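S.K.: Following this message is one structure expressed as structure tokens.
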Amino acid sequence: MTIEINIARDFSETPGARYKTDGDFSGQEFFENILEPKFLSIKETNDKLIINLDNTAGYATSFLDEAFGGLARKYGKTKVLNKIDFISIEEPYLIEEIKSYMDEKRN
Amino acid sequence: MDKKKLQQKINSKRSDYTKKRRLKYLKEKEKNIGKPFSVRQFENLVKNSISKKLPSTFSLRENTIETIEFINDLKELKNSNMRIYLNMKNVKTITNGTIALLLSVVNEFTARGKKIIGSKPKNPKAKRVLELSGFFDYMSGSIEYYSEVNSNTIIEQSNKSVEPQSTAKVVSSAMKTVTGKSQRNKKLQGLFIELMANSINHGFPGSQKKKWILSTSHYQKERYVSFSFIDNGVGVLKTLNQKIGRQLLTLFKGKQDLLQSAFKGEIGSRTGLPFRGKGLPFIKDKYDTNRISNLFILTNNVILDYISNEFYEIDIPYSGTFYYFELNSNNQI
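Residue numbers (our numbering), protein chains in the order written: chain X, 608 to 714; chain Z, 18 to 350.
Structure (structure tokens):
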């Protein structure tokens with residue numbers, strides 16, 4: 608089974624910046640309220656999570672980095688990519704961009 | 018001298034003084050004959066204000082030093098209790114970006130309860146630009162005279178936060194001017210979020226007075242939109258200096274090299290520091306990939322003028338960051 612997170616529908620059509628302190632609809636808010644709980648709910652199952660990135664006003668790098676880079680830093684890139692697929696018809700290059708954030712280390 | 022003569026002399030001096038005052042009053046009265054009450058009222062306000070005369074060319078690109086000097090001088094008055102009079106009568110050239118810069122200071126003053134009054138330029142073109150900018154709507158005091166002009170400029174401002182919903186509207190409206198249709202432009206929206214986030218996260222370390230201003234001017238006929246994004250924070254260079262440290266700064270050939278490296282995303286590779294700043298390279302990338310045009314950046318005392326490909330230091334400091342760019346029909350949309 609697949610579970611879809613449609614960011615525009617389930618979170619906001621206007622995603623914001625990195626942290627909650629930056630303002631509304633931040634990457635941190637998306638990570639804590641939607642992405643991580645959904646990921647944990649399928650982590651030990653055969654299910655997959657589909658992230659639909661389309662139909663928003665646009666993304667800042669900080670949002671994507673905090674949400675998806677953050678998930679990979681917490682649970683490991685391989686594990687995350689085994690459980691998550693992305694859809695981005697409007698901006699296909701975003702998928703590679705997100706994967707590059709998953710490679711980055713943080714101190 | 019006896020008492021009587023002394024008294025006569027005093028009376029005569031008093032009489033002279035009274036005559037002079039009377040004469041002055043009559044002259045003033047004569048001058049004011051025919052002037053509407055609002056004009057006389059405005060002149061009285063001017064008399065009791067600190068007067069600041071704008072340079073005749075009030076443009077960051079065409080008259081950089083004088084324009085920044087004026088802005089810096091004006092900022093110095095933030096603690097004064099007196100009303101400020103912006104004398105714009107002799108302004109011949111004024112640009113939307115510089116108007117937004119001036120507005121950023123005016124806003125700081127009005128937030129402190131300070132009254133600002135202003136006169137309009139005699140030059141019709143400059144007057145028109147100012148009126149169209151909607152600048153006078155943001156003044157807390159009076160203006161010389163008011164005329165109803167539909168503004169082509171929208172000014173968004175915010176305290177302390179990134180506001181993606183506001184900029185999504187700005188983007189949609191800009192796209193309507195450029196393409197004829199209200200629609201999204203994801204790259205431009207991403208760019209605005211980076212600008213706002215940079216300002217909020219790095220512009221005001223340790224301060225709660227975080228504020229950015231976005232001024233958008235629409236040119237329907239020419240089908241382009243100009244944007245000025247300003248914060249009066251510490252500036253990008255100062256932030257970079259603190260992050261990199263004095264020793265590693267020697268790896269760069271001056272301030273403009275450091276700033277250019279930051280916008281190219283090369284700070285990490287050149288210093289070996291784990292530098293994750295993606296915001297500035299994202300902004301520059303939108304220019305390089307023709308998503309925006311005519312990028313001009315001023316921060317601290319460095320100018321990155323991508324319009325003429327000139328990158329240089331100026332002799333006077335500027336505290337804050339100023340971005341100017343345009344969206345037109347030649348951009349990749």
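By construction, the Cβ of each residue, glycine as well, lies at the ideal position given by its N, Cα and C atoms. None of these values were measured; they are calculated from a predicted model.
(1) State yes or no: is the beta carbon of Thr-652 (chain X) nearer than 9 Å to at least one beta carbon in chain Z?
(2) Is DSSP giving Arg-263 (chain Z) helix, strand or coil here?
(3) Under 9 Å between C-beta atoms, does Asn-218 (chain Z) make it to chain X?
(4) Phe-299 (chain Z) touches chain A at which residues, Cβ-Cβ below 7 Å?
(5) Only counting the same chain, and skipping five residues up and downstream in sequence, which positions put a Cβ closer than 6 Å to that of Ile-85 (chain Z)?
(6) Which first and last residues belong to the alpha helix (DSSP H) in which Arg-145 (chain Z) is found?
(7) Between Phe-632 (chain X) and chain Z, is the shortest Cβ-Cβ distance under 9 Å, so that the two count as touching?
(8) Give the DSSP-derived three-state secondary structure of Asp-710 (chain X) in the structure shown.
(9) Could you check which residue in Z:Asp-154, Z:Asn-348, Z:Thr-316 has the C-alpha nearest to that of Ser-243 (chain Z)?
(10) Could you check whether the Cβ of Thr-595 (chain X) sits closer than 9 Å to any Cβ belonging to chain Z?
(11) Taking the straight line between their C-alpha atoms, what separation do you get for Ile-69 (chain Z) and Thr-110 (chain Z)?
(12) Quick one: grab the DSSP three-state call for Phe-339 (chain Z).
(13) Measuring alpha carbon to alpha carbon, tell me which residue in X:Glu-703, X:Ile-691, X:Ile-705 is nearest Glu-643 (chain X).
(14) Are the C-beta atoms of Ser-76 (chain Z) and some chain X residue less than 9 Å apart?
(15) Three-state secondary structure (DSSP) at Thr-652 (chain X)?
(16) Quick one: grab the DSSP three-state call for Phe-637 (chain X).
(17) Under DSSP, the alpha helix (DSSP H) around Gly-114 (chain Z) begins and ends at which residues?
(18) Exposed or buried, what is Gln-259 (chain Z) when buried is set at 16 or more other beta-carbons lying within 10 Å of its beta-carbon?
(19) Closest to Asn-326 (chain Z) by CA distance: which of Z:Leu-312, Z:Thr-316, Z:Asn-317 is it?
M.R.: So, from the listed chains and residues:
(1) Cβ-Cβ to chain Z under 9 Å: no for Thr-652 (chain X).
(2) If DSSP states are grouped into helix, strand and coil, Arg-263 (chain Z) belongs with the helices.
(3) Closer than 9 Å to the CB of Asn-218 (chain Z) there is at least one CB belonging to chain X.
(4) Absent from the structure is chain A; the protein chains it does hold are X and Z.
(5) Hits under 6 Å: Ile-333, Tyr-335.
(6) First-last of the alpha helix (DSSP H) with Arg-145 (chain Z): 141–150.
(7) Interface with chain Z (9 Å Cβ-Cβ cutoff): Phe-632 (chain X) is included.
(8) DSSP places Asp-710 (chain X) in the helix class (H, G or I) of the three-state scheme.
(9) Of all alpha-carbon atoms in Z:Asp-154, Z:Asn-348, Z:Thr-316, the one lying nearest the alpha-carbon of Ser-243 (chain Z) is that of Z:Asn-348.
(10) Residue 595 (chain X) falls outside the range modelled here, since chain X spans only 608 to 714, and no answer is possible.
(11) It should be noted that the sequence gives Lys, not Ile, for residue 69 (chain Z). Rounded to whole angstroms, Lys-69 (chain Z) to Thr-110 (chain Z) spans 17 Å at the Cα level.
(12) Phe-339 (chain Z): strand per DSSP, three-state reduction.
(13) Among X:Glu-703, X:Ile-691, X:Ile-705, the Cα nearest to that of Glu-643 (chain X) belongs to X:Ile-691.
(14) When Cβ-Cβ separations below 9 Å define contact, Ser-76 (chain Z) makes no contact with chain X.
(15) Taken through DSSP and simplified to helix, strand or coil, Thr-652 (chain X) comes out as coil.
(16) Helix, per DSSP.
(17) Its alpha helix (DSSP H) spans residues 113–128.
(18) Classification of Gln-259 (chain Z): exposed, given that the 10 Å Cβ count is below 16.
(19) When each option's Cα is compared against that of Asn-326 (chain Z), the closest is Z:Leu-312.
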